[in-house]
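Beneath this line is the structure, given in C-alpha cells, with notes to follow.
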C-alpha cells in the first residue's frame, strides 16, 4: 500500500524533516571531502615540496571538473532519477578522495599531476549532488518551506568545517596528512549505503502518511522520478539555450558565482592562510577555521528561516529571497578589514561576521527551486551550479598568484570582498522579479 492509498491521518508525519536531516549529513561529508586538501595542504606541501602556484592549481582542480560536469550531471538526474545517480556519485567521489592518500607512493608519477587528476575526478563525481539536492527539496517540500529546507542543506558547507576541520587537523597532527584522505573516503562509502536505504520520493516512502503527502503536493511539489508525466525528460539544446538567455537566470548565475568566491576562499585557502599568514599551527588553525564556519552555519539557517517568514508575511517571493541576500552580503564585507587586522582574534571575529552574512545570503538553491521549469529542474540546477562553481576554478588560482606575487593575503581578502558588492548589484539590477519559469 502506498501513502496515497492509506486513509488520511489527522496530523502529517513530518518525514520530510528526517529526510532533510539526512541530506544535511550527506552534504556535510560532500563539503568535507572538498576541503580535505586545504586542511592537509600545509603538511602535504612541505612533504611534497609544492609551491603556492602549484597549490593553487591543485586546489582549483575540483572546480574545473565540477563546472564541466554540471550540465551533464543535471541531465542525468532528469533522465535517470535522483536515487541512482546520487548514490553512484557518493561512492565514486569517496573512492577518489581515498586515493589521494596514496600520491607519492609510486615513483615516476608526477605528484602535482596525480593530485590534480584525483581532485578533478572528485569534482566530476560530485557534480550531480547539489542539483540532486534541489530536486529532492522541490519534491519533498511545499514552496513555503523551501527556503528553510534549502538553507539547511546549503549550510552544510559551513558545518563541514565545524565538524571536520578539528578532526582532520588532529588526524594530520597525529597520523600524517594521508590519513585525512583515507578516513574521509571510507566515511563516504558508509554514507552512500545509508543514503541508498532511505532516499525515495514522498509518494513511495513508507514513513510518509497521507496527510503529509497532501501537504507536500498542495504546496507545488514536483516529481523526484526521472521524468515528469506527459513531458520529454532530459537534455535538449533548446532547453539549454532557454536557460542561457533568460535575464532573470543570468542575474542569479552571476550572483551565485560571486557568493561562491567567498565559499571557495574558505574551503581552499583559509586554513592555509591561518597557518602561513597568521602563524597558527595546524591544530590551532583547525579550531580557528571552525569558529567562522559555525557562524556561517547559523547564518545559513537564519537566512532560510527569515526568507520563509517574509514569504508568509508578504506573499512576495522576490522580497522574501532578496532582502536576506542584501543583508547577508553587506555583513560579508567584513572580510575586507581582515587585511588590516593586527591580531588573530580580530581576524577570526571579522571572518565570523563575514561568514555569518554569507550564510544568510546563501539562498541561491531556494531561488532555483522557486524558478526552475518543472520539466527540467535537474538541468536548470546544473547550469546554475556550473556558473556558480566557476568560482572554484578562478578563486584558488587567482589567490595563489596574488600570494606568490605579493607574499601576502591582503590583496586576496580585498579581491574576495569586492564580490559581495557585485552580488548585490546582480540581484538589484539584473535579476528582476523572481518567479517560476514556464516553457511552451
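In my numbering, the protein residues as written are 13 to 452.
Virtual Cβ for every residue (Gly too), placed ideally from N, Cα, C.
Linking residue 93 to residue 215 through their CA atoms gives a straight-line distance of about 15 Å.
Counting along the chain, the unbroken alpha helix (DSSP H) around residue 186 starts and ends at 168 to 187. CA-CA distance, residue 181 to residue 291, rounds to 15 Å. Each residue's CA atom was taken as its position, placing residue 213 and residue 353 some 50 Å apart.
Between the segment 268 to 280 and the segment 148 to 168, the count of Cβ pairs shorter than 8 Å is below three; the stretches do not touch.
Annotation for residue 77: 132, 135, 136 place their beta carbon closer than 6 Å to its own, counting only its chain and skipping 5 residues before and after.
Taking C-beta separations shorter than 7 Å and ignoring five residues to either side along the sequence, the partners of residue 448 in its chain run 382, 383, following chain order. If you draw a 10 Å sphere on the C-beta of residue 360, you find 16 or more other C-beta atoms in it, and that means buried. Spatial neighbours of residue 32 in its own chain (CB-CB distance under 6 Å, excluding positions within 5 residues in sequence) are listed in chain order as 161, 164. In the three-state reduction of the DSSP assignment, residue 39 falls in the helix class.
If you keep only unbroken alpha helix (DSSP H) runs of at least 4 residues inside the segment 339 to 387, you get 356 to 373, 376 to 383. The segment 68 to 75 and the segment 374 to 381 do not touch, with fewer than 3 CB-CB distances between them shorter than 8 Å.
Residue range 190 to 210 is occupied by the alpha helix (DSSP H) that includes residue 209. The alpha-carbon separation between residue 29 and residue 281 amounts to approximately 34 Å.
Taken through DSSP and simplified to helix, strand or coil, residue 132 comes out as helix. Under the three-state reduction of DSSP output, residue 450 falls in the coil class, being neither helix nor strand.
The alpha-carbon of residue 277 is positioned some 19 Å away from that of residue 55.
Ranked by Cα distance from residue 34, the options 87, 168, 101 are led by 168.
DSSP assignment within the segment 55 to 135 yields the following whole alpha helix (DSSP H) runs of 4 residues or more, N-terminal first: 64 to 80, 82 to 92, 94 to 111. At a Cβ-Cβ threshold of 8 Å, residue 345 and residue 432 count as neighbours. Per DSSP, the unbroken alpha helix (DSSP H) holding residue 260 starts and ends at 259 to 276. C-alpha of residue 171 to C-alpha of residue 48: approximately 14 Å in a straight line. Listed in chain order, the non-local C-beta contacts of residue 89 below 7 Å within the same chain comprise 97, 140, 143, 144, 147, 390, local neighbours out to five positions each way being set aside.
Ranking 308, 102, 265 by CA distance to the CA of residue 436 puts 265 first. Non-local beta-carbon contacts of residue 43 in its own chain, meaning distances under 7 Å to residues more than five positions away in sequence, involve 168, 169, 172, 279 in chain order. Three or more Cβ pairs closer than 8 Å define a contact, and the segment 191 to 211 falls short of that threshold against the segment 326 to 334. By the C-beta density criterion, residue 310 is buried, having at least 16 other C-beta atoms within 10 angstroms.
With 16 or more other Cβ atoms inside 10 Å of its own Cβ, residue 313 counts as buried. Restricting attention to 187, 440, 336, 226, the CA atom closest to the CA of residue 294 is found in 187. Between the beta-carbon of residue 351 and that of residue 426 there is about 6 Å, and that keeps the pair under the 8 Å contact cut.
Contact check for residue 27 against residue 220 passes: the beta carbons are separated by less than 8 Å.
Residue 179 has its alpha-carbon roughly 24 Å from the corresponding atom of residue 365. DSSP places residue 147 in the uninterrupted alpha helix (DSSP H) bounded by 141 to 152. Looking at 45, 65, 260, 424, the one whose alpha-carbon comes closest to that of residue 113 is 45. Between residue 211 and residue 95 a beta carbon distance of about 5 Å is seen, short of the 8 Å cut, so the two are scored as contacting.
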